[in-house]
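There are 2 protein chains.
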Amino acid sequence: MEAEGLIAHDVLAVVLRITSPVPSVLLWQRAREPQSGRWALPGGRLGAGEDVEASVRRHLAEKVDLAEVAHVEQLSVFSDPDRGPQPRRVATAFLGLVPSDADPAIPGDTAWRPVDALPPIAFDHGEITRAGLDRLRAKLSYTNIGFALAPDVFSISELRRLYAAALGHHVSATNLQRVLTRRGVLVPTGTTAAPGPTGGRPAALFRFSEHTLRVTDPFAALRPPSGAGAV
Amino acid sequence: MEAEGLIAHDVLAVVLRITSPVPSVLLWQRAREPQSGRWALPGGRLGAGEDVEASVRRHLAEKVDLAEVAHVEQLSVFSDPDRGPQPRRVATAFLGLVPSDADPAIPGDTAWRPVDALPPIAFDHGEITRAGLDRLRAKLSYTNIGFALAPDVFSISELRRLYAAALGHHVSATNLQRVLTRRGVLVPTGTTAAPGPTGGRPAALFRFSEHTLRVTDPFAALRPPSGAGAV
DNA sequence: GAGGTTTTCGCCTTCTGGTCGAAAACGTTC
DNA sequence: GAACGTTTTCGACCAGAAGGCGAAAACCTC
Numbered sequence: 001m002e003a004e005g006l007i008a009h010d011v012l013a014v015v016l017r018i019t020s021p022v023p024s025v026l027l028w029q030r031a032r033e034p035q036s037g038r039w040a041l042p043g044g045r046l047g048a049g050e051d052v053e054a055s056v057r058r059h060l061a062e063k064v065d066l067a068e069v070a071h072v073e074q075l076s077v078f079s080d081p082d083r084g085p086q087p088r089r090v091a092t093a094f095l096g097l098v099p100s101d102a103d104p105a106i107p108g109d110t111a112w113r114p115v116d117a118l119p120p121i122a123f124d125h126g127e128i129t130r131a132g133l134d135r136l137r138a139k140l141s142y143t144n145i146g147f148a149l150a151p152d153v154f155s156i157s158e159l160r161r162l163y164a165a166a167l168g169h170h171v172s173a174t175n176l177q178r179v180l181t182r183r184g185v186l187v188p189t190g191t192t193a194a195p196g197p198t199g200g201r202p203a204a205l206f207r208f209s210e211h212t213l214r215v216t217d218p219f220a221a222l223r224p225p226s227g228a229g230a231v
Numbered sequence: 001m002e003a004e005g006l007i008a009h010d011v012l013a014v015v016l017r018i019t020s021p022v023p024s025v026l027l028w029q030r031a032r033e034p035q036s037g038r039w040a041l042p043g044g045r046l047g048a049g050e051d052v053e054a055s056v057r058r059h060l061a062e063k064v065d066l067a068e069v070a071h072v073e074q075l076s077v078f079s080d081p082d083r084g085p086q087p088r089r090v091a092t093a094f095l096g097l098v099p100s101d102a103d104p105a106i107p108g109d110t111a112w113r114p115v116d117a118l119p120p121i122a123f124d125h126g127e128i129t130r131a132g133l134d135r136l137r138a139k140l141s142y143t144n145i146g147f148a149l150a151p152d153v154f155s156i157s158e159l160r161r162l163y164a165a166a167l168g169h170h171v172s173a174t175n176l177q178r179v180l181t182r183r184g185v186l187v188p189t190g191t192t193a194a195p196g197p198t199g200g201r202p203a204a205l206f207r208f209s210e211h212t213l214r215v216t217d218p219f220a221a222l223r224p225p226s227g228a229g230a231v
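One line per chain: the protein sequences are A and B, in this order.
Under the numbering used here, the first sequence has 95 at position 95, and the numbering climbs by one with no breaks.
Under the numbering used here, the second sequence has 162 at position 162, and the numbering climbs by one with no breaks.
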């Protein structure tokens, strides 16, 4: 088969959701060889008549309610000839994001696993998970990708906790609010949340202005002067 | 064949080189059907025992001296079922960069074509070329990727011309020098170039401190405080 | 030496991000 | 209802990064 140059093409998804201290990734436990008992990313064979994005959405729908997946983007191709058993398989990996307040129904073989305590992982899916987490962290700082992690409306403290968990380090609420509002990605709703049981000033509620990915400012330098004459 | 779910996998390369007013892309003219006479990106079939990056380098070596290609990175997968004639093919696209002073030998069917006046393009290779150019432009502002466009040593004016051509808009020499040196990607050589035939102060020469890709500052905001506890 | 050309450098302004502490708005307790 | 603790919000201040401009430097030719 491979002698003809034809190769099986898979799609895989690193689906992340921000949970209490660290993000969690959606994994399912393999029941059959190879790698029986190990945990794998959702995915499957690229079918005829669909492109890779349509394919990953189709396979994802078997493990999680697609309506809860707020963002999907292509990560990278994994094609090491030894990345799995023969016959050879090439995989296109995707990153998927689920808001922290969503709790979609998942099958019995599937679970959210915190990324700092992963179970035994099948094939190279650990490396792929790492790539997904890296991509999320990079994009948090220069895009509005937070819209895919947060509930529809939220307080700045909630958003701060989400960012801190995703990034793995402390985030200042003051700065987060100022930066995101200045960039226009955060808009106040005018409403406030009820204070917690221990009191405290009621938090103002915000929402993301857009729910599609937008690059806010990767161009610290070398910005077009005014009217950019695109080539 | 596709009934078995096995698909031909190609690799393609958008090889860019900054030329006088606008960048040029390496294309070759097809001599056989399908799309005979049209211009296509270098590439070919993914072989057994090689990953996609090794494969694209192998195919690229047929069209250009690989030693002149200063940088190669994966772009994206193109998998629309109708992107070419049957049987179906999936392609992993790469971006390759050649310094402006290099002039590698190329075969007779191959040529550098300015991106603002492309000949008739085969298949979806026009879209892929566009993706490569977009990637280069984005990375120019927050990485040191300029090392792959410029000669070993160069003046600030030369570099300014390269950046302006790649970005498609005016770039200030003052800012370019200050930003790149502050980020540590540009270091002075201490030498100066000979003035032009019409005179002028001799230009100080610089070089890139590193010749491998490094992200300089995508994290305008949300930087880790000090010791980042990585998860 | 005068005039033209190209590059370099310093100054100024603006904007962004980081830090800190005070003030606001709640609930609880005495 | 006044004092206290808690949480959030807001303003002030500071450092650094970047854009713009013009003067100065260093060369050429005539």
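Positions of the beta carbon are idealized from the N, C-alpha and C atoms, including for glycine.
{"Check": "Alpha carbon of Leu26 (chain B) to alpha carbon of Gln35 (chain B), nearest angstrom", "Outcome": "18 Å"}
{"Check": "Which listed residue (A:Gly47, A:Ser20, A:Trp112 and A:Leu186) has its alpha carbon closest to that of Ala91 (chain A)", "Outcome": "A:Gly47"}
{"Check": "Extent of the continuous beta strand (DSSP E) to which Gln74 (chain A) belongs", "Outcome": "His71 to Phe78"}
{"Check": "Proximity of Val179 (chain A) and Phe206 (chain A) at Cβ, strictly below 9 Å", "Outcome": "no"}
{"Check": "Extent of the continuous alpha helix (DSSP H) run through His211 (chain A)", "Outcome": "No alpha helix (DSSP H) holds His211 (chain A); DSSP gives it neither H nor E."}
{"Check": "Neighbour-count burial assignment, His71 (chain A), 16 or more Cβ in a 10 Å radius", "Outcome": "buried"}
{"Check": "Proximal residues to Leu167 (chain A) (C-beta, below 7 Å), its chain only, five neighbours per side dropped", "Outcome": "Arg137 and Leu140"}
{"Check": "Identity of the residue in A:Trp28, A:Ala40 and A:Gly196 nearest Pro107 (chain A) by Cα", "Outcome": "A:Trp28"}
{"Check": "Min CB distance His9 (chain A) to chain B below 9 Å", "Outcome": "yes"}
{"Check": "Span of the beta strand (DSSP E) around Arg45 (chain B)", "Outcome": "Gly43 to Arg45"}
{"Check": "Spatial distance of Arg88 (chain B) from Thr181 (chain B) (CA atoms)", "Outcome": "48 Å"}
{"Check": "Runs of beta strand (DSSP E) lying entirely within the region 2–68 of chain A, each at least 3 residues, in chain order", "Outcome": "6–18, 23–29 and 43–45"}
{"Check": "Nearest-angstrom beta carbon gap, Leu149 (chain A) and Leu97 (chain A) [assumed within contact, 8 Å]", "Outcome": "6 Å"}
{"Check": "Neighbour-count burial assignment, Gly43 (chain B), 16 or more Cβ in a 10 Å radius", "Outcome": "buried"}
{"Check": "8 Å Cβ cut-off: residues of chain A touching Gly49 (chain B)", "Outcome": "Pro81"}
{"Check": "Where Phe94 (chain A) sits in the DSSP three-state scheme", "Outcome": "strand"}
{"Check": "Chain A contacts made by the region 81–113 of chain B, where a contact means CB separation under 8 Å", "Outcome": "Pro81, Arg88, Val90 and Thr92"}
{"Check": "Chain B contact for Ser209 (chain A) (CB, 9 Å cutoff)", "Outcome": "no"}
{"Check": "Asp109 (chain A) versus Asp152 (chain B): straight-line alpha-carbon distance, rounded", "Outcome": "55 Å"}
{"Check": "Beta-carbon proximity check, Pro21 (chain B) vs Leu133 (chain B), cutoff 9 Å", "Outcome": "no"}
{"Check": "Beta carbon of Glu68 (chain B) nearer than 9 Å to that of Pro104 (chain B)", "Outcome": "yes"}
{"Check": "Which residues DSSP lists as bridging Gly184 (chain B), in chain order", "Outcome": "Beta-bridge pairing links Gly184 (chain B) to no other residue."}
{"Check": "Range covered by the alpha helix (DSSP H) that runs through Thr129 (chain B)", "Outcome": "His125 to Tyr142"}
{"Check": "Neighbour flag for Arg161 (chain B) against chain A, beta carbons, 9 Å", "Outcome": "no"}
{"Check": "Residues sharing a beta bridge with Arg196 (chain A), DSSP", "Outcome": "The question names Arg, but residue 196 (chain A) is Gly in the sequence shown. Bridge partners of Gly196 (chain A): A:Gly199."}
{"Check": "Candidates A:Leu41, A:Glu50, A:Arg32 and A:Leu12, of which the one nearest Gly5 (chain B) by Cα", "Outcome": "A:Glu50"}
{"Check": "Anticipated Cβ contact below 8 Å, Asn144 (chain B) with Val115 (chain B), distance rounded", "Outcome": "The pair is not a contact, with the Cβ atoms about 23 Å apart (cut-off 8 Å)."}
{"Check": "For Arg113 (chain A): DSSP bridge partner residues", "Outcome": "A:Val25"}
{"Check": "Whole-angstrom distance between Leu41 (chain B) and Gln74 (chain B), CA atom to CA atom", "Outcome": "15 Å"}
{"Check": "Chain-ordered residues of the region 30–46 of chain B with a beta carbon less than 7 Å from chain A", "Outcome": "Arg45 and Leu46"}
{"Check": "Separation of Ser100 (chain A) from Glu210 (chain A), as counted between CA atoms", "Outcome": "17 Å"}
{"Check": "Where Ala122 (chain B) sits in the DSSP three-state scheme", "Outcome": "coil"}
{"Check": "Proximity below 9 Å, CB of Ala93 (chain B) to CB of Ile121 (chain B)", "Outcome": "no"}
{"Check": "Per DSSP, cross-strand counterpart(s) of Arg89 (chain A)", "Outcome": "A:Ala8"}
{"Check": "Distance CB(Leu176 (chain A))-CB(Arg160 (chain A)) smaller than 9 Å", "Outcome": "yes"}
{"Check": "9 Å Cβ cutoff, Gln177 (chain A) in contact with chain B", "Outcome": "no"}
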